[in-house]
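Below is one structure; the comments refer to it alone.
Number of protein chains: 2
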Amino acid sequence: MATSLTPHQLAEIGALLAEPARAAMLLALIDGTARPAGELARAAGVGASTASAHLKRLLEGGLLALQVQGRHRYYRLAGDEVAAWLEALAPPRKPAAVPPPTADAALRRARSCYRHLAGQLGVALCAQLLDRGHLATTSDGLVLHPAGAEALVAAGLDAASTARLPGLRGRGCVDWTERRLHVGGPLGVALTGAMLDAGWLRHAPQGRALLPSAEGLRRFGLLGVRLPG
Amino acid sequence: MATSLTPHQLAEIGALLAEPARAAMLLALIDGTARPAGELARAAGVGASTASAHLKRLLEGGLLALQVQGRHRYYRLAGDEVAAWLEALAPPRKPAAVPPPTADAALRRARSCYRHLAGQLGVALCAQLLDRGHLATTSDGLVLHPAGAEALVAAGLDAASTARLPGLRGRGCVDWTERRLHVGGPLGVALTGAMLDAGWLRHAPQGRALLPSAEGLRRFGLLGVRLPG
DNA sequence: ATCAACCTTCGCCGTCCACCGAAACGTTCC
DNA sequence: GGAACGTTTCGGTGGACGGCGAAGGTTGAT
Numbered sequence: 051m052a053t054s055l056t057p058h059q060l061a062e063i064g065a066l067l068a069e070p071a072r073a074a075m076l077l078a079l080i081d082g083t084a085r086p087a088g089e090l091a092r093a094a095g096v097g098a099s100t101a102s103a104h105l106k107r108l109l110e111g112g113l114l115a116l117q118v119q120g121r122h123r124y125y126r127l128a129g130d131e132v133a134a135w136l137e138a139l140a141p142p143r144k145p146a147a148v149p150p151p152t153a154d155a156a157l158r159r160a161r162s163c164y165r166h167l168a169g170q171l172g173v174a175l176c177a178q179l180l181d182r183g184h185l186a187t188t189s190d191g192l193v194l195h196p197a198g199a200e201a202l203v204a205a206g207l208d209a210a211s212t213a214r215l216p217g218l219r220g221r222g223c224v225d226w227t228e229r230r231l232h233v234g235g236p237l238g239v240a241l242t243g244a245m246l247d248a249g250w251l252r253h254a255p256q257g258r259a260l261l262p263s264a265e266g267l268r269r270f271g272l273l274g275v276r277l278p279g
Numbered sequence: 051m052a053t054s055l056t057p058h059q060l061a062e063i064g065a066l067l068a069e070p071a072r073a074a075m076l077l078a079l080i081d082g083t084a085r086p087a088g089e090l091a092r093a094a095g096v097g098a099s100t101a102s103a104h105l106k107r108l109l110e111g112g113l114l115a116l117q118v119q120g121r122h123r124y125y126r127l128a129g130d131e132v133a134a135w136l137e138a139l140a141p142p143r144k145p146a147a148v149p150p151p152t153a154d155a156a157l158r159r160a161r162s163c164y165r166h167l168a169g170q171l172g173v174a175l176c177a178q179l180l181d182r183g184h185l186a187t188t189s190d191g192l193v194l195h196p197a198g199a200e201a202l203v204a205a206g207l208d209a210a211s212t213a214r215l216p217g218l219r220g221r222g223c224v225d226w227t228e229r230r231l232h233v234g235g236p237l238g239v240a241l242t243g244a245m246l247d248a249g250w251l252r253h254a255p256q257g258r259a260l261l262p263s264a265e266g267l268r269r270f271g272l273l274g275v276r277l278p279g
């Protein structure tokens, strides 16, 4: 596959790591989070303009991936390969000590975001679906495999509405509090709707929080989805 | 143990990799060989003075180790950790395509070097003893464990003379043809002497070649030592 | 003792690049 | 529509460093 690395290619990777500011940014992202440019600038201890230049280089070097969302630009490691490199060089790593946005606990746990599920629950669901191969990232966005739909039905979602999910397009959406991906787009909206219909979740009387029912939490557990803590 | 790597430390490693000339040198050493400065300069495509400066930086950065031998200065990777880093970044690597010194086949296979065994056989023996934990590298040089002496006796060496080996100091000696370590110093001399006495090896009528007997090759095989090819 | 081989140190030049502040651009909120 | 915010682009300055050739030191050969 990848032919033996040339000295030039190895040097290019080295050069990207060679600046403390860039190294700090990469280490801040090693836990798989996606973070906006300003936050990475603070983590690296440099000005915004300097950070922007570094991020551009890391992006063009293929070490980072960019996701534009409103006026934020979220950066994350480009792939598992990159994460593996960094972990080989910097093995022991405590999970990110920074949950910067202060928010209501219920809101952090689960909320709606453009009518789809976000927060810890949404992030955990997305990660679990990806992990089991039920969800795939294509050039066209996120796609749910039929096997994934079957698993959802087995966990208790309505069969008829769930059957339509594999035809819908999902959009990876960076979570405001968790800095990780969850499922948005038409797929995310429909999936969340099915969960509301099944009574796994209900809207809080006011605000954007979504309240999982005890039964809902059990159903999520069947899918391997657990809330932290 | 090693506390989580700081951005500065990661950047330092990156900076050492960041120059194509240094990267080429490291890649040339990834197979575990030790090579003189001039050869590395040619491999990197730079002048001798430039190469010297690069090697100095790699040495001070802890990525390389130096072994002075006569008018040659042999550089090799500082440890398994460094090799692991490089392999993580540059996975597929063909074994070094360069056996530069042209020499008689018998001489390459086994010869005496300051009265100890060198050549492919000496290198293979040293590697095997290290691999099995029979030989240890201490700050004082190479030391044979009693268990190693027992293994040698089991393979057929004289018990009385072998028993004295763990008290002798060995010196790592870079092989002229193989560019790898073999056992020199008093330990190497005594070990080779025991093998000559046991008839595993005999001196060629002229020249420095050592000729292993058929029985000797079988005995080496008992120790896990095989010749390539 | 002299010479050649190997390697390092020194001095010089040119290039690359990290950093910041100011300004421009795009998005969101009021 | 305008203000506030997040981010990138531009311009300028200073330091770090890679490259080479020449000189110097050490080792081994004649």
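Taken in order, these protein sequences are the chains called A and B.
Per the working numbering, residue 51 is the first one in the first sequence, and the count goes up by one each step.
Per the working numbering, residue 51 is the first one in the second sequence, and the count goes up by one each step.
Where is the CB? At the ideal position from N, CA and C, for every residue including glycine.
All values reported here derive from a predicted model rather than from experimental measurement.
Buried or exposed: which applies to residue i, given that a residue is buried once 16 or more other Cβ atoms fall within 10 Å of its Cβ?
i	result
E265(B)	exposed
L67(A)	buried
E110(B)	exposed
H104(A)	buried
A78(B)	buried
H166(B)	buried
G120(B)	exposed
T242(A)	buried
S263(B)	exposed
A98(B)	exposed
A52(A)	Confidence is the limiting factor: at A52(A) the pLDDT is only 46, short of 50, which leaves the residue's position unreliable, though a coordinate-based value still follows. A52(A) is exposed by the Cβ-count criterion.
Please work out which residues of its chain come closer than 7 Å, Cβ to Cβ, to residue i, disregarding the five sequence neighbours upstream and downstream, and give them in chain order.
i	result
A244(A)	L207, D208, S211 and T212
A201(A)	H184 and L273
R269(B)	A205, G206 and W250
H122(B)	P86
H25(B)	Nothing can be reported for residue 25(B): it is not among the residues displayed for chain B, which extend from 51 to 279.
R219(A)	D190, G191, G235, P236 and L237
Please go through the same chain and pick out, in chain order, the residues whose beta-carbon is closer than 8 Å to the beta-carbon of residue i, but skip the five residues on each side of it.
i	result
T83(B)	R126, A146, E228, R229 and R230
A73(B)	L67
A133(B)	I80, G82 and L127
Y197(A)	In the sequence as displayed, the identity of residue 197(A) is Ala instead of Tyr. The residues are G183 and H184.
R276(A)	A174 and F270
L136(B)	L76, L77, I80 and L127
A160(A)	L167, A168, G169, Q170, L171, G172, L251, A259, L260, L261 and P262
Could you check the C-alpha separation between residue i and residue j for me, to the nearest Å?
i	j	result
A281(B)	G217(A)	Residue 281(B) is absent from the structure shown; chain B starts at 51 and stops at 279.
Q291(A)	A71(B)	In the structure as shown, chain A starts at 51 and stops at 279, and residue 291(A) therefore has no counterpart that could be examined.
L114(A)	G129(A)	8 Å
V203(B)	L76(A)	54 Å
S162(B)	A61(B)	45 Å
Q170(B)	D225(A)	59 Å
A156(A)	D247(A)	20 Å
L179(B)	E131(B)	20 Å
A168(A)	L175(A)	9 Å
A101(B)	A91(B)	5 Å
H195(A)	L237(A)	12 Å
G222(B)	L116(B)	12 Å
H214(B)	V239(B)	Here the sequence assigns Arg to residue 214(B), which means His is not the residue at that position. One C-alpha to the other measures close to 12 Å.
G112(B)	L55(A)	22 Å
A177(B)	T187(B)	12 Å
R283(A)	G172(A)	Here chain A comprises residues numbered 51 to 279, so residue 283(A) is not present and cannot be evaluated.
V193(A)	D181(A)	14 Å
A65(B)	G88(A)	25 Å
P278(B)	R258(B)	20 Å
E69(B)	P57(B)	19 Å
K106(A)	V118(A)	14 Å
L139(B)	Q256(B)	48 Å
L108(B)	Y124(B)	13 Å
Looking at the strands, I want to know which residues DSSP matches up with residue i.
i	result
H253(A)	L260(A)
G58(A)	A quick correction: the sequence has His, not Gly, at residue 58(A). Partner(s): none; H58(A) has no beta bridge.
S162(B)	L167(B)
A201(B)	BP columns for A201(B) are empty, so no partner.
R268(A)	R268(A) is not bridged to any residue.
Q117(A)	Y124(A)
Can you name, in chain order, every residue of its own chain whose Cβ lies under 6 Å from the Cβ of residue i, other than the five neighbours on each side?
i	result
V96(A)	A71
P142(B)	Its pLDDT being 42, under 50, P142(B) is placed unreliably by the model, and nothing is read from it.
G234(A)	H166, R221 and C223
L267(A)	none
A199(B)	T212, L215 and P216
H18(A)	Examination of residue 18(A) is not possible in this model, given that chain A is present from 51 through 279 alone.
- Let me know the alpha helix (DSSP H) ranges lying completely inside the stretch 64–110 of chain A, each 4 residues or longer, listed in chain order. 70–78, 87–94 and 98–110
- Could I get the ranges of all uninterrupted beta strand (DSSP E) runs contained in the stretch 215–242 of chain B, with 3 residues as the minimum, in chain order? 221–224 and 231–234
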